[in-house]
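If you read the sequence shown in the numbering used here, its first letter stands for residue 132, the second for the next number, and so on.
Everything on this sheet refers to the single structure shown next.
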Amino acid sequence: MQTDALRLCELSVVEALFDPLPDVVFFVKDRDGRYLRVNQTLVRRSAQRSKQALLGRTSKEIFPGAMGEAFWVQDRSVISSGAAMQRHLELHLYADGGAGWCLTHKLPLRDEPQGERPGAVLGVAGISRDLGRPDQSHPVYGQIAELAQQIRSHYDQPLHLGDWARAVGLTLDRVEHLFQRIFHLSPREMLLQARLDAARRLLVESPDLSVAAIAMQCGYSDQSAFTRQFKATTSLTPSQYRRLQQGHQPSGEPWRVAA
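Here it is as structure tokens:
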């Protein structure tokens, strides 16, 4: 009983620590994916009135449709495998048509170990952090910003990071490290971001352009690879995203968040 009380106390403290952070979603769920703990950011972004409105419900109930289903599948994968999901780059979509990039982390919650065996998985805890602004005060920001611009401008081409790094007098390892420090992304994650941002624009602004044509224009070798990556990042297929944007009616309230 004392151990259970201590765990509840620890969760309350962690929840309180995350409550004031407007750019971080925090949650704890049981083995069935039902919310046990949430922070105020998740309450606000899910357009609920209070934390109590989320507790005991799953992401499929809070976020109906493909995205709620995708979050639930993530939870089931972490719980069934016992393996963490780290640095999953996701695009969050909102009811006003806006979108924001974030990095999501999910960890299995385990019971006390039994001898040499790890404890049984009891649930999942996670955070989803909005990507911050680049650190422009870093002394080599100008060089790294130039490489970032190359990636964003040539998203339809293979990534030639080694050649670009040498052109600005940096090693490849140094570039990888500085990208994480300055942009909070790896170069390949930035390339993925640039490709999918371009694809989203084309899906909305060029309704007569086929998904296959958009895939080719955005640097993908085939439509299936594009569709897999688009769905893994947005929880929607390109066609679902296009239909959603075509039927979108602004309401000013958040529509989906990683949860």
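A virtual CB, placed ideally from N, CA and C, is assigned to each residue, including glycine.
Other residues of its chain near residue i: CB distance less than 6 Å, five sequence neighbours each side excluded
i             : result
glutamate 243 : Gly250
Sequence-distant residues of its chain with Cβ nearer than 7 Å to residue i (five each side left out)
i              : result
isoleucine 313 : Pro265, Asp266, His269, Tyr272 and Ile275
glutamine 348  : Asp287 and Leu333
glutamine 245  : none
alanine 197    : Ser366, Leu367 and Gln371
alanine 325    : Ile282, Arg283 and Tyr286
Inter-residue CB distance, residue i and residue j (contact presumed, cutoff 8 Å)
i             : j              : result
histidine 236 : glutamine 205  : Contact doesn't hold; Cβ gap of about 11 Å is too wide.
arginine 342  : serine 366     : Position check: residue 342 holds valine in this sequence, whereas arginine was assumed. That belief does not hold up - the Cβ atoms of valine 342 and serine 366 are roughly 17 Å apart, past 8 Å.
glutamine 179 : leucine 185    : 6 Å
serine 177    : isoleucine 193 : 6 Å
arginine 165  : leucine 142    : With a Cβ gap of about 14 Å, arginine 165 and leucine 142 do not count as contacting.
Beta-carbon contacts of residue i that lie in its chain and below 8 Å, excluding the five residues immediately before and after
i              : result
methionine 321 : Ala279, Ile282, Arg283, Phe310 and Phe314
threonine 358  : Val342, Ala346, Thr368 and Pro369
glutamine 354  : Val342, Ala343 and Ala346
glycine 263    : Asp154 and His315
Reference residue i, options the options, closest by Cα
i             : options                           : result
glutamine 377 : Ala346, Ser337, Ala344 and Asp353 : Ser337
arginine 173  : Gln324, Leu152 and Ala346         : The residue you asked about is not arginine; residue 173 is leucine in the sequence shown. Comparing Cα-Cα distances from leucine 173 to each of Gln324, Leu152 and Ala346, the minimum goes to Leu152.
arginine 162  : Ser190, His308, Glu277 and His223 : Ser190
alanine 240   : Gly257, Glu247 and Leu253         : First, the amino acid is wrong: residue 240 is leucine here, not alanine. Comparing Cα positions, the closest option is Leu253.
aspartate 339 : Arg374, Ala325 and Glu192         : Arg374
lysine 362    : Leu142, Leu292, His219 and Asp261 : His219
aspartate 154 : Leu327, Leu148 and Ser259         : Ser259
valine 156    : Val144, Asn170, Leu262 and Gly350 : Asn170
Paired residues, beta bridge with residue i - DSSP
i              : result
serine 370     : DSSP output for serine 370 lists no bridge partner at all.
glycine 216    : The sequence shown places methionine at residue 216, rather than the glycine named in the question. Methionine 216 is bridged to Lys237.
aspartate 161  : Gly254
alanine 276    : DSSP lists no partner for alanine 276.
tryptophan 232 : Leu222
Inter-residue Cα distance where the pair is residue i and residue j
i           : j                 : result
lysine 182  : valine 299        : 50 Å
proline 318 : leucine 290       : 9 Å
leucine 222 : tryptophan 203    : 16 Å
glycine 293 : glycine 199       : 39 Å
glycine 213 : phenylalanine 149 : 24 Å
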